[in-house]
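For the sequence shown, UniProt numbering begins at 1 and goes up steadily by one. Ideal placement from N, C-alpha and C gives every residue a C-beta, glycine not left out.
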Amino acid sequence: MILKEQTFSRHKASLAKVCSSNPIKKVFLNRVLLHSLRYCHWFLVLFVLFFQGNVQAQTKKIDSLKTALEKHTESDSTQVMLLYYLAFEHFRTDLGISNDYLQKAEVLSDSLDFNAGKARVLYLKGILENTRSEYGKSLDYFQQSLDYYKSINHKAGIASIYTAFGITHYDLSQYDEAIEAYKKASEIYAALKDTTELVTCLINSGNAYSESGNFNDAISNYKHALKLSEDSRDEDGVSYVYTNLGVVYKKQGNYPLAIDYLNKALDFDKKTGDMLGMAIKLHDLGEVYNSLKDNEKSLRYHQQSLAYSTKIGNKRLMAMNEASIGNIFKDEKAYSKALENYQRSLETSRQIENVRHTAICYNNIAEVNLLLDEPVQARTNFMEARDICLNTGNRDILPTSLLGIAETYVFEKKYREALAFVNEGKQMAEELELLENQKKAAGLLTIIYENTHLYKKALESHQQFKALNDSLFNKENIEKITQIEYEYKYKQALDSANIRELKLTKTVLATSQDLDRSNQNLLWAIIGILLVSIFLGSMIFYQKFNTIKVKNQSIITEQKLLRSQMNPHFVFNSLSVLQGMILNKEEKKSVDYLAKFSRLLRITLENSRDKMVLLSQELAAVENYMALQNLENDAYEFSITIDEGIDGSLFKIPPMLIQPFIENAIEHAFAKQTTDRKIEMHLKYLNEELVCIIKDNGIGIDSQKEKNGNGKKSLATQITSERLKILSTYFKMKGSVAIEDRAKYNKKGTVVTLVLPHEKLETA
């Protein structure tokens, strides 16, 4: 059996991906936005250029950047960033031009002492060295970039460097260091609520776990990343998870699922023109078809992958494809060609210090040595691979080396020495669920037991080999098992009649016990199915009942709110004011009052029909209400302030949430205060929460409670608080109300803080 390097594909894990995929640009732009507040004088230029770039071709982006650079003649931080982004855009197409722009950006950053520019330049330099497999230089540049990011406390930049550390340690087969770096990055991205980069860290951590043989943690990380990507509709994130799941399924022998996931990922790379991505997926598909013994398809995929990887100069992928093509020539018995490919792969792997693939090359060369009847040379190479695996923790390759050593001893008929290595390799293969290795171990045990005359164990091992073999039995398999069964039965025939009689008695007894046990198991199975059905039915009923209950509570609360919203006291007062105006013959004023009153009624009734209304409509209702209160004598000084980031036509909120608290302030806050009555309302959008703050300069809620004695809330306020709880559950979004006396802050009055459930509409 030959083990190939399986898990090369990574979600943004290859640092070459940083400059070759749209998702990275989206993440990168987020970092520009985070950094923009600190360098606002160039932010507007970059914002226009790069957000247009999301819908234009790369050439247009480069042309736009060049135009902006020509027009911007001043040597400042803006020019640094324009040079940096030109280097960034040329990265995937022309490394020479990219490096020229990067050098100019570096010189200008140094002259300006612009730390943010220095950090970005060093970061991209580290990426360039990583793509050339110069990992030591890459780590040095990343460390320098990290120091600059820390000096300006740029959290997103710090996290990106930790991710880069993880990727580079991964490429050096330093998996524990890689996982630790990803954890540091994950903590920062979680605090920043950056789901895209959090997905990146999950996938990269999964890759590191996979390479160290911890497949359970690897699959757990991949599936978590897949769910986050699907929830956020991140197509490229889904594509990268598909790739990694395809690789893991291939390792586990689930070839149909592996092909399905890898083809989905390849389609996405073709659509985006990602040359490195295509090279990776083609390599992985070639590996799957090699496992299926379809050498024609496997060779075609690997040759295409080798052509792409050579074109972009990715030595790691070149080495892997050379090894894979060597495997195909080995299967075709073209051993000299196979050794040539293996040697090229080994030389490249050593050159780039890829110790994992170096071990794989030694295993592959050893396999050919065995086929050429060179067991001593084969054992030397297998042991080289074993020592590398033990030193680097590559547990998934180690069983191949151990079983290979055992096979060299079997070749020399040294069965006792072989048995120790087979058992060690078999145990590790079972722990890691490596079916190909388990199958090989079973085959070797069959040979060992047969030649040491342990025919029963030989039969059991061959039966295990059959169970692990995915293909149909061929003639050779059938003849082999028939021979083993005959030898085992012949030895039985030599036993005494008493032994045969005792064995027959035990067989009858065992059969009877098996039958009883089978009936008992069937009964327990039926009982289990019934219990599970009852439990599931109860859960479904409970969920439906709970859903109906929440809907009913919502309807009842909304009805109460509607009745409280148009309370008779307010209507009576309004009509009394209107009557006074008419009696005083204030015709113009009375008509204006009646128009505003009618408009308020109409808005209130229209809003009550919908679960969500535009924020602008709700604010219009509040403004109309206050206009009515002030129309007669300007009794209240009312103001609304809205943060710049909030567009009332792009937010929807549940209706009739704000006005009850305005009414409450008018009714209770100014009982003995006839002048200087202020009500302020402030809307802000922070951390994806829409917050409304209502302040008055009245007597304060604590004084109201002392005056009322029982501290009873107003009906509208109480209903709105209950409704917020229900709406939070319904929309799965935080909604809350907090009422405080401003005396805590050495001020007069009450402050109400509302966190409003909302929907944010997409701009056209």
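Please name the residue in the options whose C-alpha comes closest to that of residue i.
i	options	result
ILE97	LEU292, TYR84, SER109 and GLU412	TYR84
LYS264	LEU285, ILE388 and LEU468	LEU285
ALA307	ASP147, THR243, GLY425 and ILE325	ILE325
LYS293	ILE328, HIS283 and GLN174	ILE328
HIS682	ASP702, ILE658, SER298 and THR763	ILE658
SER728	MET81, LEU754 and THR763	LEU754
GLY157	TYR123, ALA525, ILE527 and GLU287	TYR123
ASP610	LYS684, LYS652 and LEU600	LYS652
GLU197	ASP234, PRO655 and ASP147	ASP234
GLY277	THR674, TYR289 and TYR242	TYR242
ASN115	GLU587, HIS154, SER538 and GLN304	HIS154
ILE693	THR380, GLU740, SER703 and ASN687	GLU740
ILE662	LEU601, ASN633, LYS734 and THR750	THR750
LYS251	SER291, LYS281 and ASP231	SER291
SER239	GLN143, GLN351, LEU262 and ASN254	LEU262
ARG356	ILE259, ILE447, GLY313 and SER210	SER210
MET733	LEU690, THR763, GLN704 and LEU761	LEU690
MET656	ASP194, LEU459, GLY648 and THR720	THR720
ILE447	ASP702, ALA418, GLN438 and GLY425	ALA418
ALA164	LYS193, TYR148, ILE127 and ASP194	ILE127
ASP260	LEU86, MET275 and LYS281	LYS281
TYR449	LEU432, ARG416, GLY425 and LYS426	ARG416
GLU287	ASP274, THR272, GLY273 and GLN303	GLN303
Kindly identify the DSSP beta-bridge partner or partners of residue i.
i	result
HIS154	Its beta-bridge partners do not exist; DSSP assigns none.
ILE719	DSSP, once it has assigned bridges, lists no residue as partnering ILE719.
THR641	HIS682
LYS652	LEU614 and GLU759
Could you compute how far the alpha carbon of residue i sits from the alpha carbon of residue j?
i	j	result
ILE161	LYS150	11 angstroms
LYS440	THR358	22 angstroms
VAL752	HIS90	53 angstroms
LEU434	GLY393	16 angstroms
GLY700	TYR189	41 angstroms
THR73	LEU615	44 angstroms
GLY645	GLU759	15 angstroms
SER736	PHE535	35 angstroms
LEU522	ASN469	30 angstroms
ASP331	SER298	11 angstroms
ASP217	GLY206	7 angstroms
ALA406	ILE360	17 angstroms
LYS747	ILE540	53 angstroms
PRO757	PHE215	40 angstroms
SER109	VAL80	6 angstroms
TYR745	GLU106	50 angstroms
GLN617	ARG602	11 angstroms
GLU129	TYR135	7 angstroms
LEU761	ASP113	42 angstroms
ASN437	ALA429	6 angstroms
HIS668	SER703	10 angstroms
LEU226	ARG517	43 angstroms
TYR593	TYR685	34 angstroms
GLU70	LEU86	12 angstroms
Since residue i and residue j should fall inside the 8 angstroms C-beta cutoff, what is the C-beta to C-beta distance between them, to a whole number of angstroms?
i	j	result
LEU398	VAL422	Between VAL422 and LEU398 the Cβ distance is about 13 angstroms, and since that is not below 8 angstroms, they are no contact.
HIS283	LEU245	16 angstroms between Cβ atoms; not a contact.
LYS678	ASN664	That belief does not hold up - the Cβ atoms of LYS678 and ASN664 are roughly 15 angstroms apart, past 8 angstroms.
LYS596	LEU628	5 angstroms
ALA159	HIS169	Actually they are not in contact, since the Cβ atoms of ALA159 and HIS169 sit about 16 angstroms apart, beyond 8 angstroms.
VAL248	SER229	Not a contact, Cβ separation roughly 16 angstroms.
ALA366	ASN354	That belief does not hold up - the Cβ atoms of ALA366 and ASN354 are roughly 18 angstroms apart, past 8 angstroms.
SER212	ARG395	6 angstroms
ALA178	ALA208	5 angstroms
LEU339	VAL368	6 angstroms
Of all the CB atoms in chain D, is at least one closer than 8 angstroms to the CB of residue i?
i	result
MET383	The structure shown has no chain D; it contains just one protein chain.
Report the start-end ranges of each beta strand (DSSP E) in the UniProt domain "Histidine kinase/HSP90-like ATPase" (657-759) that is 3 residues or longer and not cut off at the edges.
Correct list: 678-686, 689-696, 736-741 and 750-756.
Complete alpha helix (DSSP H) runs within the stretch 313-378 (minimum length 4 residues, chain order)
Fully enclosed alpha helix (DSSP H) runs of 4 or longer: 315-331, 335-351 and 355-371.
Please go through the stretch 190-248 and give each complete alpha helix (DSSP H) segment of 4 or more residues, from N-terminal end onward.
195-211 and 215-231
What runs of the beta strand (DSSP E), each 3 residues or longer, lie entirely inside the stretch 99-170?
Qualifying beta strand (DSSP E) stretches: none in this window.
Entirely within the stretch 583-619 and at least 4 residues each: give me those alpha helix (DSSP H) ranges in chain order.
Whole alpha helix (DSSP H) segments, 4+ residues: 587-608.
Just to confirm the assignment: which complete alpha helix (DSSP H) runs, minimum length 4, are found wholly within the stretch 72-96?
77-90
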